[in-house]
Structure formats: structure tokens, C-alpha cells
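Visitor: For what it's worth, this note's numbering labels the leading residue of the sequence shown as 15, then goes sequentially. For every residue, glycine included, the Cβ atom is placed at its ideal position computed from N, Cα and C.
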Amino acid sequence: MTTIKSNTVLPLLWLASCGMLIANFYYSENTTANNATFTLFLLLLTVTVGWHYRLKMPQPEQQPSEPIATHVDEVEKVENSVILLLGPYAAKWFNDPEAKDSTRFSSNAVWIFIPSPEALKRRLDYIAEFHPSAQIVGFFPFLPDVYETDAVLISQLNKWQNTFSGLSLRAPLSCVFAIYAQLSNQRLSHDSNNAYWTGNINFARDTEISLAQAFPQLNQQLELQGFLGKKFSPQRHALGQSLFDWLNESGIAQTLQTLFQATSLRLTDVILTDNGKGFIRHGAWAAWLESTFGVLPGLGASLSLPPLPEVINTQNHG
Numbered sequence: 015m016t017t018i019k020s021n022t023v024l025p026l027l028w029l030a031s032c033g034m035l036i037a038n039f040y041y042s043e044n045t046t047a048n049n050a051t052f053t054l055f056l057l058l059l060t061v062t063v064g065w066h067y068r069l070k071m072p073q074p075e076q077q078p079s080e081p082i083a084t085h086v087d088e089v090e091k092v093e094n095s096v097i098l099l100l101g102p103y104a105a106k107w108f109n110d111p112e113a114k115d116s117t118r119f120s121s122n123a124v125w126i127f128i129p130s131p132e133a134l135k136r137r138l139d140y141i142a143e144f145h146p147s148a149q150i151v152g153f154f155p156f157l158p159d160v161y162e163t164d165a166v167l168i169s170q171l172n173k174w175q176n177t178f179s180g181l182s183l184r185a186p187l188s189c190v191f192a193i194y195a196q197l198s199n200q201r202l203s204h205d206s207n208n209a210y211w212t213g214n215i216n217f218a219r220d221t222e223i224s225l226a227q228a229f230p231q232l233n234q235q236l237e238l239q240g241f242l243g244k245k246f247s248p249q250r251h252a253l254g255q256s257l258f259d260w261l262n263e264s265g266i267a268q269t270l271q272t273l274f275q276a277t278s279l280r281l282t283d284v285i286l287t288d289n290g291k292g293f294i295r296h297g298a299w300a301a302w303l304e305s306t307f308g309v310l311p312g313l314g315a316s317l318s319l320p321p322l323p324e325v326i327n328t329q330n331h332g
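1) Given this structure, state the Cα-to-Cα distance separating D139 from I150, to the nearest angstrom.
2) Quick check on DSSP: helix, strand or coil for L152?
3) Along the chain, where does the alpha helix (DSSP H) that runs through L238 open and close?
4) Just curious, the beta strand (DSSP E) that L96 is in, first and last residue?
5) Going by C-alpha distance, which of I326, D283, T277, T328 is nearest S182?
6) Does the region 296-315 touch the region 186-194, meaning 3 or more C-beta pairs lie closer than 8 Å?
7) Can you say whether R295 is buried or exposed, counting buried as having 16 or more other CB atoms within 10 angstroms of its CB?
8) When you compare each of I168, S247, L225 to L281 by their alpha carbons, which one comes out closest?
9) What is the rounded straight-line gap between the Cα of T179 and the Cα of Q255?
10) What does the alpha-carbon distance come out to for the pair G265 and S147?
11) With distances taken from CA atoms, which of L242, Q268, N94, R219 is nearest I285?
12) When the Cα atoms are used, what is the spatial distance from I126 to E304?
13) Look at the alpha carbon of R250 and the alpha carbon of E143, and state the distance between them as a whole number of angstroms.
14) What is the C-beta distance between Q95 and F217, in whole angstroms, given that I count them as a contact (C-beta under 8 Å)?
15) Mind checking which residues open and close the alpha helix (DSSP H) that includes V124?
16) Using the beta-carbon count (16 or more within 10 Å), is S188 buried or exposed?
17) Would DSSP call Y210 helix, strand or coil?
18) Considering just the uninterrupted stretch of the alpha helix (DSSP H) at R137, what are its terminal residues?
19) By DSSP, does T221 sit in helix, in strand, or in coil?
20) Since S153 contacts L100 with CB under 8 Å, what's their CB separation in whole angstroms?
21) Could you check where the beta strand (DSSP E) with A300 kicks off and where it finishes?
22) So, under 8 Å CB-CB, P230 and T287 are touching, yes? Tell me the CB distance rounded to an integer number of Å.
23) Count the other CB atoms within 10 Å of the CB of T177; is the residue buried (16 or more) or exposed (fewer)?
24) Assuming L167 and A298 make a contact with CB atoms under 8 Å, what is their CB distance in whole Å?
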């Protein structure tokens, strides 16, 4: 079946009208034929003019209501999950200096760098006033090879604690402690960050825990991964256990536990990433590994922002 487009109908009508007009002149001596052709000419002319103005009328714009609604839903989901970046590592390693502000968007959440106690209080007050339904959690990253020695590392943690210990919040801020270390030689082709996470940020977890509880639990998870037959899991488990041993033996774990107890942060979870890219230099933990086992972890080829974990917020699915 042949279909005629609307933009081709108008020329055809004009041609038909002109044809009737010519026929009218041809039958000018025959009154009956002349009247018939002239009547058809007028009819076609009327239809043609009507069609012409129909095409000229502005068509109502189609409103993309569904895509807009979907976009709004996504924005609301992001704004409903707020993660505040805290600690002595956040400023240099998790805050993009080329960004216009201290905000990042990842994993259906907004990540905001907090440089000072005053900034933390202002941010919490702002969220309470303008986004009261938002859920908030602190994120305290820990990079064991940033500082050269255990003593320098502990000093930086104490300095941050002293700065934030005077801040009093209406309620303690739930906080996730995240350890970044290269624990294996695994390379993930599907993940440009090459990060293997044990744990995630789950807003439903709000029970306070201690590092003494969390480290054995993480070690058990690493061990279970080995039982499941994953190729790099034994290596990850062995170095993970060594990492926990170093944190305990060096006094860093105790320093961290004191930090959470002395500030308005409530430790609710500890997670670990095997950052396969490696760090750009060897530091305190690498020095301990070398002195204890005679091995050094690999170095990263370039400097980049550390990867961020998966975020789970069941409120977004309600």
C-alpha cells in the first residue's frame, strides 16, 4: 500500500486545481462541462487553501515528561545519600584540585570533602534545613603508605583528632573506615580503577563497632574468598592478615580507636580495598613488609584519585 506524506499532498492539490482551471477554459463553450469543471476547481482550491494553512499551524511540542521524571528521580536518589570525606588523607588524595568545588558524584551518592570542624558543622546544619530526608555517613579513608614511618602516620592522626575533638554535634556521625592497600597482583579488565572491595557503604548499618571487632571479621571474609576458589584470594588473605598485624603491632589501630572515641564520629563499619594499581611510593606499611618478610608491594605507574566503594541505601528503593 502506497503512503503519501503530508508535505507532498499540498503540491498535488495545487496541480489538480490548476488542471481544473485549464479544463474550465477548454470547455468554455459547453455550459454544463464548464460549470462542472469550475465547481471542481473551486472545491479543489478550497481544499488546497485549507491544507496549506493546516500545515502552517504551529504543532504543539511533545513534552518529554517521562525522561524528565526519570532524571528527577535520579537526582533525588543522589541527594538522598550524602557521604562526608573525613580524615588527614581526604584533602590531598580524595579532593580533586581541578574541581570547582569539593563535591564528587559516584555510586548514586554525593561525596563532599570536609576540611575542618566548622565546615562539618555548617554542612550538617545545611543538610538538616534544606534536605532533612537525606541520609548522611562519614567516610574516613586510610592509606598505609602515604607517610614514610609509623611515627609520622600516628602523628598525623593525632593532629586531626585534636582538631576535631572539640566539635560537639547534636548526634554522633556514623562513619565508615576504609583501608586502601595493594594486597594482590590481580588486574580487573572490567574496572579501570582495578579495585577489589571487601565490604561497602551501607546506610542501614548504624551499630557502633570497634577495630578490634572489625579486623577479625574482615580477615574471615578474606579467608572465605580463598575457600571459594578465587584465584588471587590466598594472596589477598595473606597480605590482609599481615596488614592487620602491622596496624596492631605499630599502635596505629589503638590510635585510630582513640580518634573515633574522642570525636563525634561513631565507627559503624570497616571496609578494605585491594587496590591493584598500587601506590606511587613505598611508605610505613611497605617498610614493615620489607623488614618482616623481605618483600615490597608494587608501585603504581601514575597518581590518580583513589576508587570509591559501592553505596547501598535502601531508602532510595522505597
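Guide: On the basis of the data shown:
1) Residue mapping note: residue 139 aligns to position 125 of the sequence shown, counting from 1. Residue mapping note: residue 150 aligns to position 136 of the sequence shown, counting from 1. C-alpha separation (whole angstroms): 12 Å.
2) Residue 152 sits at position 138 when you count from the first residue of the sequence shown. Looking at the sequence provided, one finds Gly at residue 152 rather than Leu. Residue state, collapsed to three classes: strand.
3) What you label residue 238 is simply residue 224 of the sequence shown in a count that begins at 1. From DSSP, the alpha helix (DSSP H) with L238 extends over 225-241.
4) Within the sequence shown, the letter at position 82 stands for residue 96. Here residue 96 turns out to be Val, not Leu, going by the sequence shown. Element bounds for V96: 95-99.
5) Here residue 182 refers to the residue found at position 168 when the sequence shown is read from its first residue. Comparing Cα-Cα distances from S182 to each of I326, D283, T277, T328, the minimum goes to T277.
6) When C-beta atoms of the region 186-194 are compared with those of the region 296-315, fewer than three pairs fall below 8 Å, so the two segments do not count as touching.
7) Translated into the one-based positions of the sequence shown, residue 295 becomes position 281. Flag for R295 reads exposed.
8) Taking the sequence shown and counting its residues from 1, the one referred to as residue 281 is at position 267. Closest option to L281, Cα to Cα, is L225.
9) On the sequence shown, residue 179 is found 165 positions in, with the first residue counted as 1. On the sequence shown, residue 255 is found 241 positions in, with the first residue counted as 1. It should be noted that the sequence gives Ser, not Thr, for residue 179. So the two alpha carbons sit approximately 31 Å from each other.
10) Taking the sequence shown and counting its residues from 1, one reaches residue 265 at position 251. Taking the sequence shown and counting its residues from 1, one reaches residue 147 at position 133. Straight-line Cα distance between these residues: approximately 39 Å.
11) Position 271 of the sequence shown holds residue 285. Nearest C-alpha to I285: R219.
12) For this step, residue 126 is matched to residue 112 along the sequence shown. For this step, residue 304 is matched to residue 290 along the sequence shown. When the Cα atoms are used, I126 and E304 turn out to be separated by approximately 36 Å.
13) The residue labelled residue 250 in the question sits at position 236 within the sequence shown. The residue labelled residue 143 in the question sits at position 129 within the sequence shown. If I take the Cα positions, the gap works out to 44 Å.
14) As a first step, residue 95 is located in the sequence shown; it is residue number 81 there, counting from the start. As a first step, residue 217 is located in the sequence shown; it is residue number 203 there, counting from the start. The sequence as given places Ser at residue 95; Gln does not occur at that position. With a Cβ gap of about 7 Å, S95 and F217 count as contacting.
15) Translated into the one-based positions of the sequence shown, residue 124 becomes position 110. Run containing V124: none in the alpha helix (DSSP H); it sits in the beta strand (DSSP E), 123-127.
16) Reading the sequence shown from its first residue, position 174 is the one you call residue 188. By the 10 Å Cβ count, S188 comes out buried.
17) Working through the sequence shown from its first residue, we reach residue 210 at position 196. When DSSP states are grouped into helix, strand and coil, Y210 belongs to the strand group.
18) Position 123 of the sequence shown, counted from the start, is the residue given in the question as residue 137. For R137, the enclosing alpha helix (DSSP H) stretches over residues 131-144.
19) Here the question's residue 221 lines up with position 207 in the sequence shown. In the three-state scheme derived from DSSP, where H, G and I count as helix and E and B as strand, T221 is classed as coil.
20) The count along the sequence shown starts at 1 and reaches residue 153 at position 139. The count along the sequence shown starts at 1 and reaches residue 100 at position 86. The sequence as given places Phe at residue 153; Ser does not occur at that position. The Cβ separation is near 7 Å, so the contact holds.
21) The sequence position of residue 300 within the sequence shown is 286, counting from 1. Boundaries for A300: no beta strand (DSSP E) harbours it, while the alpha helix (DSSP H) harbouring it runs 298-307, taken from the DSSP string.
22) The residue labelled residue 230 in the question sits at position 216 within the sequence shown. The residue labelled residue 287 in the question sits at position 273 within the sequence shown. Actually they are not in contact, since the Cβ atoms of P230 and T287 sit about 18 Å apart, beyond 8 Å.
23) Counted from its first residue, the sequence shown places residue 177 at position 163. Residue environment: T177 is assigned as exposed (fewer than 16 neighbouring CB atoms within 10 Å of its CB, all protein chains considered).
24) Taking the sequence shown and counting its residues from 1, one reaches residue 167 at position 153. Taking the sequence shown and counting its residues from 1, one reaches residue 298 at position 284. Under the criterion of beta carbons closer than 8 Å, L167 and A298 qualify as touching, at roughly 5 Å.
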